[in-house]
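Number of protein chains: 2
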Amino acid sequence: MHLKMKIFNSKLAKTLKKRTKMKKYTSLEKNELSALLDALRRDYGKYKNMGLSLDLSRGKPNSDQLDISLPLLSEARPREKCFSENGVDCRNYGVLDGIPEMKRLFSRTLGIKEEYIAVGGNSSLQLMYDTISRALLFGVLGSERPWIKEDARKWICVTPGYDRHFKMTELFGFELLSVKMTPTGPDMDEVERLVKDPTVKGIWCVPKYSNPTGNTYSDETVRRLAKMECGAPDFRIIWDNAYAVHDLGESGDELLNIFDEAEKYGNLDRIFYFTSTSKITFPGAGVAMMAASPANLKQISQFLGVQTIGYDKLNQLRHTAYFADKEAVHAHMMKLAAFIGKKFDITLSALDGLRGLGIAEWTEPRGGYFVSLDVLPGTAKRVYTLMKEAGVTLTDVGATFPYGIDPEDKNLRIAPTYPTDSDLAKATEILVVAVKLAALEKLMNA
Amino acid sequence: MHLKMKIFNSKLAKTLKKRTKMKKYTSLEKNELSALLDALRRDYGKYKNMGLSLDLSRGKPNSDQLDISLPLLSEARPREKCFSENGVDCRNYGVLDGIPEMKRLFSRTLGIKEEYIAVGGNSSLQLMYDTISRALLFGVLGSERPWIKEDARKWICVTPGYDRHFKMTELFGFELLSVKMTPTGPDMDEVERLVKDPTVKGIWCVPKYSNPTGNTYSDETVRRLAKMECGAPDFRIIWDNAYAVHDLGESGDELLNIFDEAEKYGNLDRIFYFTSTSKITFPGAGVAMMAASPANLKQISQFLGVQTIGYDKLNQLRHTAYFADKEAVHAHMMKLAAFIGKKFDITLSALDGLRGLGIAEWTEPRGGYFVSLDVLPGTAKRVYTLMKEAGVTLTDVGATFPYGIDPEDKNLRIAPTYPTDSDLAKATEILVVAVKLAALEKLMNA
Numbered sequence: 311m312h313l314k315m316k317i318f319n320s321k322l323a324k325t326l327k328k329r330t331k332m333k334k335y336t337s338l339e340k341n342e343l344s345a346l347l348d349a350l351r352r353d354y355g356k357y358k359n360m361g362l363s364l365d366l367s368r369g370k371p372n373s374d375q376l377d378i379s380l381p382l383l384s385e386a387r388p389r390e391k392c393f394s395e396n397g398v399d400c401r402n403y404g405v406l407d408g409i410p411e412m413k414r415l416f417s418r419t420l421g422i423k424e425e426y427i428a429v430g431g432n433s434s435l436q437l438m439y440d441t442i443s444r445a446l447l448f449g450v451l452g453s454e455r456p457w458i459k460e461d462a463r464k465w466i467c468v469t470p471g472y473d474r475h476f477k478m479t480e481l482f483g484f485e486l487l488s489v490k491m492t493p494t495g496p497d498m499d500e501v502e503r504l505v506k507d508p509t510v511k512g513i514w515c516v517p518k519y520s521n522p523t524g525n526t527y528s529d530e531t532v533r534r535l536a537k538m539e540c541g542a543p544d545f546r547i548i549w550d551n552a553y554a555v556h557d558l559g560e561s562g563d564e565l566l567n568i569f570d571e572a573e574k575y576g577n578l579d580r581i582f583y584f585t586s587t588s589k590i591t592f593p594g595a596g597v598a599m600m601a602a603s604p605a606n607l608k609q610i611s612q613f614l615g616v617q618t619i620g621y622d623k624l625n626q627l628r629h630t631a632y633f634a635d636k637e638a639v640h641a642h643m644m645k646l647a648a649f650i651g652k653k654f655d656i657t658l659s660a661l662d663g664l665r666g667l668g669i670a671e672w673t674e675p676r677g678g679y680f681v682s683l684d685v686l687p688g689t690a691k692r693v694y695t696l697m698k699e700a701g702v703t704l705t706d707v708g709a710t711f712p713y714g715i716d717p718e719d720k721n722l723r724i725a726p727t728y729p730t731d732s733d734l735a736k737a738t739e740i741l742v743v744a745v746k747l748a749a750l751e752k753l754m755n756a
Numbered sequence: 311m312h313l314k315m316k317i318f319n320s321k322l323a324k325t326l327k328k329r330t331k332m333k334k335y336t337s338l339e340k341n342e343l344s345a346l347l348d349a350l351r352r353d354y355g356k357y358k359n360m361g362l363s364l365d366l367s368r369g370k371p372n373s374d375q376l377d378i379s380l381p382l383l384s385e386a387r388p389r390e391k392c393f394s395e396n397g398v399d400c401r402n403y404g405v406l407d408g409i410p411e412m413k414r415l416f417s418r419t420l421g422i423k424e425e426y427i428a429v430g431g432n433s434s435l436q437l438m439y440d441t442i443s444r445a446l447l448f449g450v451l452g453s454e455r456p457w458i459k460e461d462a463r464k465w466i467c468v469t470p471g472y473d474r475h476f477k478m479t480e481l482f483g484f485e486l487l488s489v490k491m492t493p494t495g496p497d498m499d500e501v502e503r504l505v506k507d508p509t510v511k512g513i514w515c516v517p518k519y520s521n522p523t524g525n526t527y528s529d530e531t532v533r534r535l536a537k538m539e540c541g542a543p544d545f546r547i548i549w550d551n552a553y554a555v556h557d558l559g560e561s562g563d564e565l566l567n568i569f570d571e572a573e574k575y576g577n578l579d580r581i582f583y584f585t586s587t588s589k590i591t592f593p594g595a596g597v598a599m600m601a602a603s604p605a606n607l608k609q610i611s612q613f614l615g616v617q618t619i620g621y622d623k624l625n626q627l628r629h630t631a632y633f634a635d636k637e638a639v640h641a642h643m644m645k646l647a648a649f650i651g652k653k654f655d656i657t658l659s660a661l662d663g664l665r666g667l668g669i670a671e672w673t674e675p676r677g678g679y680f681v682s683l684d685v686l687p688g689t690a691k692r693v694y695t696l697m698k699e700a701g702v703t704l705t706d707v708g709a710t711f712p713y714g715i716d717p718e719d720k721n722l723r724i725a726p727t728y729p730t731d732s733d734l735a736k737a738t739e740i741l742v743v744a745v746k747l748a749a750l751e752k753l754m755n756a
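Residue numbers (the numbering used here), protein chains in the order written: chain A, 311 to 756; chain B, 311 to 756.
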């Protein structure tokens, strides 16, 4: 049984006891609200005077977590350790799609055929940018023309979602279409309806421990995405499996293999799969990869040779030297889980102070890097400002929505991994006060 | 005085002695040609039966040369060595344009202001691709529209030149305009004439030890490029200074600073400057950079943040730890020069066997990675085939010209760095025979 659950069970009794005393804010009288508001303002005032500088906005590891991966950098590399298993001098030019041992490691860890895999540099975001940029200039397999020549182009964004995804397709001139995220993935009825439009060229998916909700797509969702009928013959699913092995304990979510499903329905070329070791080893110096059908990779390879002299193979060697196999990756991820799990526990434990008040809902993911917090509609921006003034940075409100606009002004993305445990405890304690305060202000003025 | 020159002077006497016996092939009678041809065919036959497998096509270092840079990889990197001088954890996300010490190293080594420099990943070719790709999709500073929306777009290619440059602009749909390379750089009268056309958007330049001629642009050429009047308000010079510090001895060529010149004439934004440490340290794991005016960098930065999470900063640290300053780079390059200089000596010494025959001309560069060999017009492809059949790979004939077509079928790019010294000696010995043989065949049939 995994760490987090154990901690929670021990706390459950206390929490349940407290909850019985709670009443929903929405059912309180004005005078009750007013008294609560006064008390909270005093609490908040204390925090504000502490001169804090805390950050809950960054979906990135802190330096202590990165120390867990230091063995990757612990060895000198004499000449004899600079060659790949098939004899390539990894210091030199050449090999556009990765050394065999790195492909194999990705293949076994992710359950993807080796021939689908092309290893990249240190950034899967860069690979996604390249992929869409190429599609604009040259089209993809099945395109009637380069995407830039289409009169209109649209892209589906599952919301709340990853801000950098949305910004990228916005930058590339796509009209962004919002589809709501549910606990089982995007609202598939809506997705199936939208993709009938031939100007809809793709969809962003973070299928496992989705950013920011932490939800994992159900088998049915994966199947429907693989199977759905698309108006565009060159429709693409960007399958950003950024948190593929990022479970917070032994019992992680299971995600269906989308390649297997897509193949069943003759839609193998629909899938552009990405991931990286950024949150396995080093965010700035990991190894990224793209996986796609051999036909897709062949189409791309004609451009790749002109685009680069090959990605850093020495860094691939560093990774394969440290991770002998899939099991080594898993063992490493369990070390990270112990570290990160504690931060999720701290966060969720604090959020428990909002339970039963009718002013907030949040996710309790079994992996990934985020907790998604929905506050009373119309108060997210206010919470952001209250936090800012108390010295705590949150992710910009709206960042998780296309064009940076949260239509209900309610979603906050909480990133617990970057602060130290004590900073995180303090920051989430203040967060609970700010959420309550903003809600009370709103209800008082209702 | 540098190594190469010393070796040459010692050989000069012998060479001059031999030369007096030589007659130009072009002034020989048919019976003389026929006798020579028979003798050469016998020589060639011997080589052909040796079952050789040699390669003169690759402008890349061999593994022994790369060993010189192994100190970069010789140290373990504990946590305390993972931070930049301004306290950034280089293992983590962040810093799009490079850590300060890497910018400073490039700045001092190249004589470019630090604020002009943006550090990239391991490939300057990738940075160039990104730059032109962005110009197509979004335009550059001064563009009236994205380049892709222009009805026509053209690009100047200095020939012979670098095949990957030409292929890139061909891929991006530019019409390629050839301008001849001279010992002082491109034929500037022709360049100045062509750039008046507003559909001409740029020019590829390898200004120092140009690929493949090894010539360096004269001060006048640099000035005229900086000063010339361009029809396109968003004309760009791609200044690929790949061999900026790659002298074969202490007395290397001097290249005028194009930023200084461009600034004088108010054309600072015209310059997109690139280089990398690929041929200083490791071709596959070096550090690349782009330099441009602050206004240009600002225009680019709005896209860069969407494009990537930042380039590998740990590899920047590896470089700045090894190269304390400009002087350390120079000392390192002199070690490489001793190694590479020998290979140039072997090549030029062999080519000396063609001197005075009226069938070949070649360059004797003071740096870079190539010797450019012009054979009797109409025989370059034949030489390539003869070499291939004898087991020696040359760079494809025509590769140094737009669309892969050498209009005179005469240029061969000789890349001496990859083979071992003994392989190189053998390969260049055969080359001389093949050049003679092809010339004789041609003259016999004339």
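Note that beta-carbon positions come from the ideal geometry of N, C-alpha and C, so glycine has one too. Being a predicted model, the structure only gives us computed values, none of them experimental.
Nearest CA to the CA of residue i: which residue from the options?
i, options, result
"LEU661(B)", "THR526(B), THR730(B) and LEU722(B)", "LEU722(B)"
"SER433(B)", "TYR583(B), ALA598(B), GLY449(B) and ASP507(B)", "ALA598(B)"
"LYS477(B)", "THR673(A), GLN617(A), ALA735(A) and ASP731(A)", "GLN617(A)"
"GLU530(B)", "PRO496(B), LEU558(B) and PHE448(B)", "PRO496(B)"
"TRP514(B)", "LYS736(B), PRO381(B) and ILE547(B)", "ILE547(B)"
"GLU560(A)", "ASP353(A), GLY677(A), THR441(A) and ASP399(A)", "GLY677(A)"
"VAL639(B)", "LYS340(B), THR587(B) and TYR439(B)", "THR587(B)"
By the three-class DSSP mapping on this structure, what secondary structure does residue i have?
i, result
"MET600(B)", "strand"
"GLY559(A)", "coil"
"VAL501(B)", "helix"
"PHE393(B)", "strand"
"ARG329(A)", "Note that ARG329(A) scores a pLDDT of 45, beneath 50, so its modelled location is shaky and nothing firm can be said."
"ASN606(B)", "helix"
"GLY495(B)", "strand"
"ALA572(B)", "helix"
Which bits of chain B does residue i rub up against, with CB to CB less than 8 angstroms?
i, result
"VAL616(A)", "TYR439, ARG474, LYS477, MET478 and LEU481"
Quick check on the DSSP output: the alpha helix (DSSP H) that includes residue i runs from which residue to which?
i, result
"PHE416(B)", "410 to 420"
"ASN625(A)", "623 to 632"
"VAL745(B)", "731 to 754"
"GLY651(A)", "636 to 661"
"ASP377(A)", "373 to 377"
"GLU671(B)", "Counting along the chain, GLU671(B) falls outside any alpha helix (DSSP H), though it belongs to the beta strand (DSSP E) covering 670 to 672."
"ARG546(B)", "Careful: ARG546(B) lies outside any alpha helix (DSSP H), inside the beta strand (DSSP E) at 546 to 550."
"THR531(A)", "529 to 537"
"LYS442(A)", "Per the sequence shown, residue 442(A) should be read as Ile rather than Lys. Here the alpha helix (DSSP H) through ILE442(A) covers 434 to 448."
Leaving out five residues before and five after residue i in sequence, what residues of the same chain have Cβ atoms less than 8 angstroms from its Cβ?
i, result
"VAL429(B)", "ASP407, GLY408, ILE409, MET412, LYS413, PHE416, VAL597, ALA598, MET599, TYR621 and GLN626"
"MET360(B)", "ALA700 and GLY701"
Could you give the first and the last residue of the continuous beta strand (DSSP E) run that contains residue i?
i, result
"LEU487(A)", "485 to 492"
"SER586(B)", "581 to 586"
"LEU683(B)", "681 to 685"
"ILE724(B)", "721 to 724"
Listing by chain order, which chain B residues have their CB less than 7 angstroms from the CB of residue i?
i, result
"TYR274(A)", "Beyond the ends of chain A as shown, which are 311 and 756, falls residue 274(A); an answer cannot be given."
Could you list which residues in chain A have their beta carbon closer than 7 angstroms to that of residue i, in chain order?
i, result
"ASP377(B)", "ARG389"
Which residues in the same chain as residue i place their Cβ atom closer than 6 angstroms to its Cβ, once the five residues preceding and following it in sequence are excluded?
i, result
"ALA744(B)", "VAL693, LEU696 and MET697"
"LYS490(A)", "ASP497"
"ALA601(B)", "ILE422, TYR426, ILE427 and TYR583"
For a contact meaning CB atoms closer than 9 angstroms, what does residue i contact in chain A?
i, result
"GLU699(B)", "Here the premise fails: no neighbours, minimum Cβ distance about 25 angstroms."
Just the chain A side, please: which residues come within less than 8 angstroms of residue i by C-beta, in chain order?
i, result
"CYS467(B)", "Result: empty, since nearest Cβ-Cβ is about 14 angstroms, beyond 8 angstroms."
"LYS623(B)", "GLY594 and ALA595"
Cutting at 7 angstroms between CB atoms, please list the residues of its own chain near residue i, excluding the five before and the five after it.
i, result
"SER379(B)", "THR591 and PHE592"
"LYS370(B)", "PRO593, THR727 and TYR728"
"ALA725(B)", "LEU366, SER367, ARG368, GLY369, TYR679, PHE680 and THR705"
Just to make sure I have the definition right: I need the residues of chain B whose C-beta is within less than 9 angstroms of the C-beta of residue i. Which are they?
i, result
"GLY620(A)", "ASN432, SER433, PRO593 and GLY594"
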